[in-house]
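Using the working numbering, you'd call the opening residue of the sequence shown number 65 and step up by one each time.
Input: a single structure, listed below in structure tokens.
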Amino acid sequence: MRFHFSVTVQHDAPEFPLGMLQTAIESQDECNAWNALANQRIRSELVCSTTTHKVPSGSQQQKCNVFTCVEAAVHCNMPRIVLAMYQLSPADVRLATWYALYNLKSKHKTKRSSVVYPLQIASELANLARSQRKIWLWERVGPLLLVRNCDILARKDRGSAMLGQTKSCRDWEALAAHPITRLPDLAFGLILSFVALPEAKEARILRFLIEARLCQKCSRLCIPGKCKAKRLRRMERRGPKARS
């Protein structure tokens with residue numbers, strides 16, 4: 065999933081069609097949410113995701129996109145709405161579901177939220193979140209695991225070729241010479257631990273990509289309430305002293 069930020073002028077409501085869906089979900093009336101999902105403009109926005117990564121110019125402007133709608137549906141215990149959105153935008157909704165469930169579990173774990181969220185998570189949503197995590201892990205460690213186990217794959221490939229099922233054409237000898245195949249298991253495990261980011265780090269990266277907006281104090285992209293203008297000024301003042 066690629067993220068592209070674009071700072072825009074103040075938006076009118078029609079430019080954010082998912083605002084209508086989010087309002088319907090937050091009404092906690094599932095019939096309202098289904099009616100909103102039947103709207104063609106909302107369905108088109110879910111398919112195309114044209115507003116998902118827009119950065120509002122107004123500090124108080126509410127963002128309404130796939131992520132906020134999924135989060136609202138999770139909080140309002142509307143798993144069927146999330147699954148209907150998933151049919152229109154599988155990749156975005158799967159990622160948004162993982163992010164919403166991660167935040168939900170984190171708030172319960174830390175007990176920092178005064179809002180009472182449902183403790184029971186629908187199994188369908190939990191499955192979506194797990195599939196997202198598996199996709200992330202495979203994208204990062206899959207190629208390394210394939211090279212590491214190339215000898216096993218080579219035997220299967222040669223066996224299939226002998227049976228006439230496939231044509232063996234991979235250069236298994238070149239893969240077998242890769243340094244990764246000769247690493248001890250402990251060293252290989254350490255490499256995997258660096259490549260496969262923990263969920264907390266994934267969430268921090270995703271939070272900035274989703275929530276950042278143009279800060280009026282420092283004119284940089286910041287998460288609301290997390291401006292680092294003072295810290296940056298202190299670092300700038302310390303810079304010359306550190307170099308002298």
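All C-beta atoms in this analysis are idealised placements derived from N, C-alpha and C, irrespective of residue type, glycine included.
Bear in mind the structure is a predicted one, so any value in this text is a computation, not a measurement.
Taking only three categories from DSSP, how would you classify F247?
Sequence inspection shows Leu at residue 247; the Phe mentioned does not correspond to that position. DSSP places L247 in coil when its eight states are reduced to three.
If you reduce the DSSP assignment to three classes, tell me which class L273 lands in.
helix
Cross-strand partners of C133 (DSSP beta bridge)
C133 pairs with nothing; no bridge assigned.
Cβ neighbours of A88 in the same chain (closer than 6 Å, five flanking residues each side left out)
N96, A97 and A100
What are the boundary residues of the alpha helix (DSSP H) that includes G289?
Run containing G289: none; DSSP gives neither H nor E here.
Tell me the DSSP secondary structure of L278 in three-state form.
strand
Assign C112 to buried or exposed, taking buried as 16 or more other Cβ atoms, counted over all protein chains shown, within 10 Å of its Cβ.
exposed
CB A160 to CB V205, shorter than 7 Å?
no
Beta-carbon proximity of Q92 to C133, cut-off 7 Å
no
Check whether the Cβ of A155 lies closer than 6 Å to any heavy atom of the ligand NAD, and answer yes or no.
With respect to the ligand NAD, the structure shown offers nothing to examine, as it has no ligands at all.
Measuring CB to CB, does M142 end up less than 7 Å from E90?
Going by beta carbons, M142 and E90 fall outside the 7 Å limit.
According to the Cβ coordinates, are Y58 and A276 closer than 7 Å?
The shown model of the chain, from 65 to 308, leaves out residue 58, and the question about it has no answer.
Check for me: the alpha helix (DSSP H) holding S195 runs from which residue to which?
S187 to R212
Let me know the secondary structure DSSP gives Q92 once reduced to three states.
coil
By DSSP, does A102 sit in helix, in strand, or in coil?
coil
What does a CB cutoff of less than 7 Å around G228 pick up in its chain, not counting 5 residues either side in sequence?
Because G228 carries a pLDDT of 49, less than 50, the predicted location of this residue cannot be relied on, and the following value inherits that uncertainty. Excluding sequence neighbours, G228 sits near nothing in its chain.
Where does L261 sit, in a helix, a strand or coil, going by DSSP?
coil
Leaving aside the five residues before and after S170 along the sequence, list all residues of the same chain whose C-beta is less than 6 Å from its C-beta, in chain order.
No residues qualify anywhere along the chain.
Per-residue burial, D215 [other beta carbons within 10 Å of its own, 16 or more giving buried]
So D215 ends up on the exposed side.
Straight-line gap, Q184 to R197 (C-alpha atoms, nearest Å):
20 Å
M149 versus D156 - alpha carbon distance:
9 Å
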